[in-house]
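Visitor: The opening position of the sequence shown corresponds to residue 134 in the working numbering, with each subsequent residue numbered one higher.
Virtual Cβ for every residue (Gly too), placed ideally from N, Cα, C.
All values reported here derive from a predicted model rather than from experimental measurement.
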Amino acid sequence: MKRKTLFTSASILLFLLSLIGCSSVKTTTDDGRQIVKVALSAEVNPPFLATNDQNEPIGYNIDYLNEVEKRLPHVHFDYIFGEEESNLIGIGAGKFEMAANWFFSNPEREKRFLYPKVPYGYSMTGLIVNESEQDIQSLDDMTSKKLAPVSPSGGLRSILNQYNEENDPKIPLTTIESPSNELNLKRVESGRSDAAFMNISTFDTIQKHLHLKVKVGGIVSKEPIYLVLQPSQKKLASELDRVTQEMIEDGTLPDLAKKWFGVDFFQDIDYISEQGYQYEERKEAP
């Protein structure tokens, strides 16, 4: 599903032009704090990043970064909005120090950028089932069921492929190019498919508009998400690790997870599923 554009084309153009600018920039605030330029996505991905009625950015990422700024009083975050790939190019070009676009870690990016050691959250995948379904909670339950069509590549397909490589019996997979998440959910509602496999945040976004008779049957995986930094920002990465770990241990990040996602995704998957991670419990989140 396509994510909604957060800012206008003009603002993105100004951002891209800024990448090739060579004028000197301010590095500290008037009160002496270090200015850290942070790239954010110009496309919303609720509840990680959304907008309020004034078109101001809100969401889990914003609350997290605001709390980090409070705990690092010598630092001031200056936000720059752009497309994901442009944000990474900007880090490589030295135009800003870090990006906060719910990035997964992968070997290619690890060669180019610096990742903190502590993830600041998780992106969860799950099986979406008919609201009357009681028996589907994990991939083990899908070996004799009909899964909605999946893409031939990508992160979700990798999870399914890995399961089939490691388990027998396997999950029967129907592959099509660019399957529609909306159509897959409608297939589940009508009974043509027993379940659909997708990111929970994607499901939430669609369900808020369609209000289908479906629910989260079970959480399959949670993938850690990280900030991405310039390789030179080792001190900042260390500080981020320290305050992020503090925020996990003192309950700040678990509380933010419950605020925006309706569940503490720092717990293990079994706990999350046992808490009844259902849309009805999350739809009133900000």
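Tell me whether Glu-230 is buried or exposed, calling it buried when 16 or more other Cβ atoms sit within 10 Å of its Cβ.
Guide: Buried.
Visitor: Less than 8 Å between the beta carbons of Lys-367 and Leu-247, yes or no?
Guide: Yes, the pair counts as a contact, with Cβ atoms nearer than the cut-off.
Visitor: For Val-361, which option in His-209, Pro-249, Leu-316, Val-353 has the closest C-alpha, if you only look at C-alpha atoms?
Guide: Among His-209, Pro-249, Leu-316, Val-353, the Cα nearest to that of Val-361 is on Pro-249.
Visitor: Are Val-353 and Phe-336 close, meaning C-beta to C-beta below 8 Å?
Guide: Cβ atoms of Val-353 and Phe-336: not closer than 8 Å.
Visitor: Out of curiosity, what's the CA-to-CA distance linking Trp-393 and Pro-305?
Guide: When rounded, the distance between both Cα atoms is 34 Å.
Visitor: Which residues in the same chain as Asp-273 place their Cβ atom closer than 8 Å to its Cβ, once the five residues preceding and following it in sequence are excluded?
Guide: Result list for Asp-273: Asn-300, in chain order.
Visitor: Following the continuous alpha helix (DSSP H) through Ser-371, name the residue where it begins and the one where it ends.
Guide: Where Ser-371 is concerned, the enclosing alpha helix (DSSP H) stretches over 367-382.
Visitor: Leaving aside the five residues before and after Leu-212 along the sequence, list all residues of the same chain whose C-beta is less than 7 Å from its C-beta, in chain order.
Guide: According to the sequence displayed, residue 212 carries Tyr and not Leu. Within the same chain, Tyr-212 has close Cβ partners Val-171, Leu-173.
Visitor: When DSSP builds the beta bridges, which residues end up paired with Tyr-255?
Guide: Bridge partners of Tyr-255: Pro-357.
Visitor: Candidates Gln-167, Lys-348, Ala-226: which alpha carbon is nearest Gln-267's?
Guide: For Gln-267, the nearest C-alpha among the options comes from Lys-348.
Visitor: If we count the other Cβ atoms within 10 Å of its Cβ and call it buried at 16 or more, is Asn-263 buried or exposed?
Guide: With 16 or more other Cβ atoms within 10 Å, it is buried.
Visitor: Among the candidates Glu-189, Leu-289, Leu-198, whose CA atom is the shortest distance from the CA of Val-169?
Guide: With distances taken between Cα atoms, Val-169 lies closest to Leu-198.
Visitor: Using only the alpha-carbon positions, how far apart do Val-396 and Met-257 sit?
Guide: Near 11 Å, if we compare the C-alpha coordinates of Met-257 and Val-396.
Visitor: Cβ atoms of Pro-252 and Tyr-359: under 8 Å apart, would you say?
Guide: Yes, these two residues count as a Cβ contact at 8 Å.
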